[in-house]
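The next block holds one structure in the form of structure tokens; read it before the comments.
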Amino acid sequence: MVSIVASHAYAQDSGPVPTDGVYNMLVGTYTSGKSEGIYVYRFDTKTGAATRVSVAQTVNPSFLVVSRDRRFVYAVNELPGDDGPATQRGGVSAFGFDAAQGQLTFLNKVSSDGNDPCYLSLSPDGKYLLTANYSVAADPGGSFAVFPVQGDGQLGSSVLTVHHEGGGPVKGRQDNSHVHSTVFSPDGHYLFAQDLGADKLYSYRYTPGDNRGPVTPTDWGYTQQKAGTGPRHLIFGADGKHAYLTSELNASVSTFDYSDGKLKLVQTLPMTQPGFKGAVGGSAIHLSPDGRFVYASNRGDANEIVIFSVDPANGHLKKIGHQSSLGKSPREFAIDPSGNWLIVGNQNSDSVYVFKRDQQTGLLDPTPKQHFELGAPVDFKLVSPS
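Per our numbering, residue 40 is the first one in the sequence shown, and the count goes up by one each step.
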């Protein structure tokens, strides 16, 4: 569905390596409490230190994506939330980004054409931005929308909105469709939409020149997941032949073989340690820059980062460690481009921790090198200033 070259590299193309090792770190937040919007920090990959530079005010920018040329930043405006009116639609905001100065400038905002947008992805050809509309409300229900990206970085109104139907067995969480992520395949021809409510990974072709629209269904439609698991986020391995999925409701990580738009489940591992009895909430998943390790966050009562090694022969995972996030609800995290650090935000305790990462073992030093306070931090993107 899009032209992607190296899936894992495309997932976060941070740009050229700065000579001083200092990147911009963009942090998306929820703004109902102490936070104002998108924060920009200077992040030193040699020391792990983060220094605040600026903030761009916008409502609930809980997920961010940066254009490949690093000139533009896009953010969801995740509304209306649990208590808002179902008639209210969320938004997607576009910003110009001066990477050298670390400054964001608001460009425009469009309706997300759904409720509670929670994820963004850019087509590798840069023509379209997609958002996953989770939709707490049954009406309109989960969907994803496709927006044209204009030459000046602004967004046009959506040219396509795809609604999913159905649900799952977990009452209160799967009463209807909940689209949680939209991820392009490594070969660039397919889009996968992970539906937490329906327990399905929907597959579409990316067809930007087709008169039916930029996204069209595949013949097989979707990959069914185990009922009640709640698939959330999907990433691809470094070789493009394997994919990894977090499922929120049972806090698991699944491994798939990937070929020509089709996913074949080969392995599922729990995030929790043996005997764990508390609440769980599988969330983010990311690959180390060298492709040798997979990391996933688990919220609920676990509040930790789970570490897996990747078998280079078959892509299978082996759980090798756990690290407390030292806070509550680690919704998202990031591994910096140097591979030296893992940065995690604790949404419900207003804190960010920076853990030193051993690039040989993949394990995290349990004593964080840096820590700072920030209201409801939930997403991190690192961008070269040059």
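Note that beta-carbon positions come from the ideal geometry of N, C-alpha and C, so glycine has one too.
- By the Cβ test, the region 144-162 is in contact with the region 114-134, since at least three Cβ pairs between them sit closer than 8 Å.
- Rounded to the nearest angstrom, the gap between the Cα atoms of residue 385 and residue 366 is 5 Å.
- In the assembly as shown, residue 177 is an exposed residue. Its beta-carbon has fewer than 16 other beta-carbons within 10 Å.
- Annotation for residue 177: no beta strand (DSSP E) segment contains it, and DSSP assigns it neither H nor E.
- Annotation note: the region 82-134 contains the following uninterrupted beta strand (DSSP E) runs of length 3 or greater, listed N- to C-terminal: 89-96, 103-105, 111-116.
- The C-alpha of residue 279 lies about 21 Å from the C-alpha of residue 158.
- Look at residue 386 here: in three-state DSSP terms it is helix.
- Residue pairing of residue 233 in beta bridges, as defined by DSSP: 220, 240.
- For residue 335, the enclosing beta strand (DSSP E) covers residues 332-337.
- Looking at the DSSP output, residue 343 shares a beta bridge with 337, 363.
- Per the Cβ contact rule, the region 202-212 is not in contact with the region 186-193 (fewer than 3 Cβ pairs under 8 Å).
- CA-CA distance, residue 359 to residue 320, rounds to 20 Å.
- With a 10 Å radius around the Cβ and a threshold of 16 neighbouring Cβ atoms, residue 300 comes out buried.
- In the DSSP assignment, residue 410 falls within the beta strand (DSSP E) that extends over 409-412.
- Using a 10 angstroms sphere on the CB of residue 282, the tally of other CB atoms reaches 16 or more, which defines it as buried.
- Looking from the CA of residue 423, the closest CA among 136, 123, 305, 101 belongs to 136.
- Your pair residue 74 and residue 142 does not check out as a contact, with CB atoms roughly 18 Å apart and the cut at 8 Å.
- Shown here, residue 371 sits in a strand according to DSSP, grouped into three states.
- Apart from sequence neighbours up to five positions away, the residues of its chain that approach residue 116 with a beta-carbon distance below 8 Å are 97, 98, 99, 100, 129, 130, 131, 132, 148, 151, 156, ordered along the chain.
- Here the alpha carbons of residue 317 and residue 121 stand approximately 23 Å from one another.
- Residue 68 counts as buried, since no fewer than 16 other beta carbons sit within 10 angstroms of its beta carbon.
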